[in-house]
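In the working numbering, the protein residues as written are 63 to 397.
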């Protein structure tokens with residue numbers, strides 16, 4: 063906790079007066095909700111790292127590293143590096159680079175009072191709220207196009223392999239009847255889909271940017287109908303999605319997810335064999351986790367491909383951005 067607070071304070075101290083004002087928002091500011099995935103800025107919230115000094119960039123990354131698990135920081139950093147690699151591949155380094163991300167701080171960094179930070183840009187958006195010993199990291203949007211760096215100093219970096227393989231393994235663990243029940247559409251662009259089911263930007267995602275508090279009906283198969291092995295795979299997928307959290311908060315989050323496992327649903331769109339493209343969603347009163355294979359944006363293809371992946375994680379029922387915790391704290395301090 064102290065390390066996170068120190069990292070945030072060091073970042074603030076390094077900024078100019080103007081940028082210190084730009085990066086700072088009240089804890090309950092609506093600007094939390096302005097994060098987005100596109101490479102162009104829809105809202106210029108906070109400060110843009112690519113326009114900051116190397117020292118400011120380092121301190122911003124130090125804050126992210128101090129807040130997340132080692133695996134979580136590596137995941138976030140890899141998204142940024144893959145984004146830079148994409149920029150090099152398509153010759154758009156001024157638009158797509160490893161620092162084309164905005165950073166904002168909410169509240170006053172403290173070991174007692176709630177505060178948080180936000181990092182967002184193309185294929186990476188992380189919202190982190192800290193209050194005492196509790197932490198909420200959601201919403202989280204992570205994506206990659208391509209999903210692997212195959213050249214240059216960062217060659218070998220890849221993304222989402224575990225989430226993809228576990229999804230396919232889960233479908234294989236279901237009975238034929240369960241698999242049919244879980245599959246709400248057999249094709250990624252299925253003629254049976256209602257108008258608007260495939261969004262121009264979000265495609266099959268339902269919980270992406272600007273979808274705060276959206277009511278999403280359960281679809282597919284209830285997890286309480288699955289056998290022990292399949293239920294374990296659902297939890298393994300959930301663990302992949304909450305991997306950004308450090309050890310203590312991650313243990314608490316996984317316990318919360320497991321306690322609601324009998325109220326969890328799983329649905330699928332597309333094929334379910336290795337190499338297929340697909341969408342899946344795990345949904346419960348405390349978790350929404352989506353993975354979707356997308357069409358090309360910067361690389362030239364007009365159908366979903368295995369190497370363009372978007373993922374979203376939400377905490378439904380009011381605790382995205384840690385809002386439930388913030389409200390509780392405000393009520394306690396006002397009473």
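C-beta: ideal position from N, C-alpha, C; glycine also.
Per DSSP, the bridge partner or partners of residue i
{"i": "residue 204", "result": "186, 373"}
{"i": "residue 364", "result": "BP columns for residue 364 are empty, so no partner."}
{"i": "residue 261", "result": "265"}
{"i": "residue 346", "result": "349"}
{"i": "residue 210", "result": "220"}
{"i": "residue 247", "result": "331"}
{"i": "residue 197", "result": "192"}
{"i": "residue 178", "result": "168, 191"}
{"i": "residue 86", "result": "167"}
{"i": "residue 354", "result": "341, 372"}
{"i": "residue 336", "result": "None; residue 336 has no bridge partner."}
8 Å contact criterion, which residue i and residue j should meet: CB distance rounded
{"i": "residue 307", "j": "residue 134", "result": "7 Å"}
{"i": "residue 143", "j": "residue 219", "result": "6 Å"}
{"i": "residue 204", "j": "residue 373", "result": "5 Å"}
{"i": "residue 148", "j": "residue 235", "result": "Going by Cβ atoms, the distance from residue 148 to residue 235 rounds to 34 Å, so no, they are not a contact pair."}
{"i": "residue 268", "j": "residue 393", "result": "Going by Cβ atoms, the distance from residue 268 to residue 393 rounds to 31 Å, so no, they are not a contact pair."}
{"i": "residue 101", "j": "residue 216", "result": "Actually they do not touch by this definition, with Cβ atoms about 19 Å apart."}
{"i": "residue 190", "j": "residue 129", "result": "5 Å"}
{"i": "residue 284", "j": "residue 327", "result": "6 Å"}
{"i": "residue 339", "j": "residue 250", "result": "6 Å"}
{"i": "residue 75", "j": "residue 141", "result": "No, residue 75 and residue 141 are not in contact; Cβ-Cβ is about 27 Å, not under 8 Å."}
{"i": "residue 192", "j": "residue 388", "result": "Not really, about 11 Å apart at Cβ, beyond 8 Å."}
Cβ neighbour criterion (16 or more within 10 Å) applied to residue i
{"i": "residue 187", "result": "buried"}
{"i": "residue 212", "result": "exposed"}
{"i": "residue 115", "result": "exposed"}
{"i": "residue 302", "result": "buried"}
{"i": "residue 239", "result": "exposed"}
{"i": "residue 363", "result": "exposed"}
{"i": "residue 396", "result": "exposed"}
{"i": "residue 343", "result": "buried"}
{"i": "residue 335", "result": "exposed"}
{"i": "residue 355", "result": "buried"}
{"i": "residue 229", "result": "buried"}
{"i": "residue 159", "result": "buried"}
{"i": "residue 65", "result": "exposed"}
{"i": "residue 70", "result": "buried"}
{"i": "residue 276", "result": "exposed"}
{"i": "residue 92", "result": "exposed"}
{"i": "residue 379", "result": "exposed"}
{"i": "residue 300", "result": "buried"}
{"i": "residue 80", "result": "exposed"}
{"i": "residue 347", "result": "exposed"}
{"i": "residue 264", "result": "buried"}
Through-space distance from residue j to residue i, alpha-carbon basis
{"i": "residue 316", "j": "residue 254", "result": "35 Å"}
{"i": "residue 117", "j": "residue 288", "result": "51 Å"}
{"i": "residue 298", "j": "residue 304", "result": "10 Å"}
{"i": "residue 68", "j": "residue 123", "result": "13 Å"}
{"i": "residue 195", "j": "residue 341", "result": "35 Å"}
{"i": "residue 332", "j": "residue 345", "result": "18 Å"}
{"i": "residue 126", "j": "residue 199", "result": "11 Å"}
{"i": "residue 391", "j": "residue 156", "result": "42 Å"}
{"i": "residue 260", "j": "residue 210", "result": "25 Å"}
{"i": "residue 291", "j": "residue 271", "result": "33 Å"}
{"i": "residue 237", "j": "residue 262", "result": "34 Å"}
{"i": "residue 176", "j": "residue 170", "result": "8 Å"}
{"i": "residue 208", "j": "residue 168", "result": "32 Å"}
{"i": "residue 139", "j": "residue 222", "result": "13 Å"}
{"i": "residue 281", "j": "residue 329", "result": "6 Å"}
{"i": "residue 145", "j": "residue 77", "result": "25 Å"}
{"i": "residue 286", "j": "residue 137", "result": "31 Å"}
{"i": "residue 279", "j": "residue 256", "result": "14 Å"}
{"i": "residue 293", "j": "residue 231", "result": "12 Å"}
{"i": "residue 314", "j": "residue 153", "result": "44 Å"}
{"i": "residue 312", "j": "residue 173", "result": "19 Å"}
{"i": "residue 357", "j": "residue 252", "result": "15 Å"}
{"i": "residue 375", "j": "residue 214", "result": "31 Å"}
{"i": "residue 350", "j": "residue 266", "result": "14 Å"}
{"i": "residue 151", "j": "residue 202", "result": "26 Å"}
{"i": "residue 324", "j": "residue 310", "result": "24 Å"}
{"i": "residue 366", "j": "residue 104", "result": "25 Å"}
Proximity test, Cβ basis, 7 Å: residue i and chain C
{"i": "residue 162", "result": "Structure shown: chain C not included; a single protein chain is present."}
beta-carbon residue i near the ligand MN non-hydrogen atom, thresh 6 Å
{"i": "residue 395", "result": "Of ligands this structure carries none, so the ligand MN is not represented either."}
Is there contact between the region 238-253 and the region 315-323, where contact requires at least three CB pairs shorter than 8 Å?
The region 238-253 is not in contact with the region 315-323.
Is it a yes or a no for the region 163-170 touching the region 96-112, going by three-plus beta-carbon pairs under 8 Å?
-> Short answer: they touch.
Indicate whether the contact test is met: 3 or more Cβ pairs, each with one atom in the region 109-119 and one in the region 78-85, closer than 8 Å. The region 109-119, when compared against the region 78-85, does touch it at the 8 Å Cβ threshold.
Review point. Can we say the region 171-185 touches the region 378-391, given the rule of at least three CB pairs closer than 8 Å?
Key: Three or more beta-carbon pairs drawn from the region 171-185 and the region 378-391 are found closer than 8 Å, and the two stretches are therefore classed as touching.
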